[in-house]
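Report on the following structure.
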Amino acid sequence: MIRTVKIHNLLLIFIILIALAGPCWCASLNNVNNDSLMTEQGDDDFFEDLYGDDGDVDAIADPLETFNRGMFWFNDKCYFYVLKPLACGFRVVPEHVRTGLGNMFDNLKSPLYAVNAFLQFKFKRMASETTRLVVNSTIGLAGFFDLADSLWGLEKKEEDFGQTLGYYGVGEGFYLVIPVLGASSLRDGLSIIPDGYADPIYWLANFEATLACKGVSMVNRTSLDRDTYESIVEEQLDPYLFVRDAYTQHRRGKVAD
Amino acid sequence: MKNLFVVIMLLMFSSSVVGAAAPAISVESAGPKVQIRATVDAILDELHAEDEDHLLKRQKISDLIRDNFDFKIMAQGALGRQWRSVTVNERARFVELFIDQLEETYLGRLRAYTDQTVSYGSENIRKNRAVVETFIEDAGVKIPITYKLLPRGSDWLVYDVVIEEVSMIRNYRSTYGDILRRKGMAQLLEDMAQKIDDLKKRNGAEFGENHDAKQA
């Protein structure tokens, strides 16, 4: 009990810290880059027009690159020596069953999405996620079938706490590769903790069972994937840079929508 | 009962008329969505073609891609601001390598997405830019893929592909920018050439394998 209270306090401090520091930090970063660009880019607004803004302004800060690359290496080994073999073995289960299982794990995230939609005043999404949870949990057989989507086109809309913080102007801080979980940022990485409280499994099962569920979910997801990570490793000059930028763009898109 | 039959007949007839007329209209206007749809469908057809030499298959897909993508603009975008700080020779070499590498990557990707269904979303034309939404559906997951196009004569050419909010060109630019800063242009060009060699070996081998597996 004491332990959880402590974690709570620590978390609160962290969130307040990034809430305060994040926007200022990002604002100052952007200013610096914009100033230096003004003179160099000058008339060349062609790319800016065509591809959004310049790559340098876009880049996420990565002061922990050495550590992050180490974690990236570690996760790469975990993927190829642990996760992938397990996922390949799991493919004995017919694909439609695995898709259904994936839907069940997704269904458990509906409360999280609904709460965060609410926190961002996206009431339509909140209603949609709540409907999805109710419909899919009941006639969708505990989420095995995504009936809310197939019947009424109520598509899953991911809204997590990292996106909520982003909505309120909290910057991503810097890039962070988390062991096992992979690409993240200071903001999104810390948001995993409050996100955990919106997970029904956390309230229904003990720690070991929750961890086991996460493991199964991860193996299942990998079993359905068509070697995305393998292609990245094969095709990219520097997979670390590819993942870092893809993560950043993806999250920024999610925060903006 | 007889009335119902007539109604059904009428409905079927009218739908077949609409069905027949629709492509004719699309060809005339040849909007970006129509073009993307035609290209993607042609590539998928080509991939599904069972009894065809895999080298020929590769060539046909490659032609389809080259006809519909503006590789020079893409290469320029992938180098971004650095474009102006490298020599003309380096630019030419970069464009050449970039095209090769993009093609090999795209061919590799397609290999992974043969049994998935592609659906088409909205088309948005603003001034001289167009955005076409498509979706690849795979094992219950819907992946949005957006094509960005520029007009070229009466056609539209793709200049960027955005997959789940991730712009491919911006992604390349961030990687190239980083390598340029650390190692310089000469090393970047060398790395690219090496990577293309590896990809060519892989794609060559796997297109062959795929072909054999389908025959068996």
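Quick note, the sequences are listed as chains A and B, same order.
With numbering that gives the first Met the number 0 as the guide, the letters of the first sequence map in order to residues 0 to 256.
With numbering that gives the first Met the number 0 as the guide, the letters of the second sequence map in order to residues 0 to 215.
No residue lacks a Cβ here, since even glycine has one placed at the ideal position from N, Cα and C.
- With respect to residue 154 of chain B, residue 75 of chain B sits apart: the two C-beta atoms are not nearer than 9 Å.
- The beta carbon of residue 32 of chain B lies closer than 6 Å to those of 122 and 131 in the same chain, with the five residues before and after it left out.
- Interface annotation, residue 153 of chain B: not in contact with chain A, CB-CB separation never under 9 Å.
- With contacts defined by Cβ atoms closer than 9 Å, residue 92 of chain B and residue 82 of chain B do not form a contacting pair.
- By the Cβ test, the region 184-199 of chain B is in contact with the region 92-109 of chain B, since at least three Cβ pairs between them sit closer than 8 Å.
- For the pair residue 231 of chain A and residue 241 of chain A, the Cα-to-Cα distance works out to about 8 Å.
- Your pair residue 165 of chain A and residue 103 of chain A does not check out as a contact, with CB atoms roughly 28 Å apart and the cut at 8 Å.
- By the Cβ test, the region 191-203 of chain A is in contact with the region 111-127 of chain A, since at least three Cβ pairs between them sit closer than 8 Å.
- Nearest C-alpha to residue 153 of chain A among A:76, A:245 and A:129: A:129.
- For residue 182 of chain A, the enclosing beta strand (DSSP E) has its first and last residue at 181-184.
- Against chain A, the CB of residue 133 of chain B has no partner CB under 9 Å away; the residue lies outside that interface.
- Relative to residue 246 of chain A, the option among B:118, B:175, B:165 and B:176 whose CA is nearest is B:165.
- Residue-level contact check: residue 248 of chain A touches chain B, since one or more beta carbons of chain B fall below 9 Å from its beta carbon.
- For the region 78-92 of chain A, no residue has a beta-carbon sitting nearer than 7 Å to a beta-carbon of chain B.
- For residue 150 of chain B, the beta-bridge partners assigned by DSSP are B:155.
- Residues of chain B with a Cβ closer than 9 Å to the Cβ of residue 108 of chain A do not exist; the shortest Cβ-Cβ separation is about 14 Å.
- Taking 9 Å as the CB threshold, residue 182 of chain A stays off the interface with chain B.
- Following the DSSP letters along the chain, one finds residue 128 of chain B inside the beta strand (DSSP E) bounded by residues 128-137.
- Under DSSP, residue 76 of chain A forms no beta bridge with any residue.
- For residue 201 of chain A, the enclosing alpha helix (DSSP H) stretches over residues 199-203.
- Residue pairing of residue 143 of chain B in beta bridges, as defined by DSSP: B:134.
- In this structure, residue 244 of chain A sits near residue 57 of chain A, with a CB-CB distance shorter than 9 Å.
- Within chain A, the residues placing a beta-carbon under 8 Å from that of residue 170 of chain B are 241, 244, 245 and 248, ordered along the chain.
- Straight across, the Cα-Cα distance linking residue 108 of chain B with residue 235 of chain A is about 13 Å.
- Closer than 9 Å to the CB of residue 125 of chain B there is not a single CB belonging to chain A.
- Residue 143 of chain B and residue 150 of chain A have their C-alpha atoms roughly 20 Å apart.
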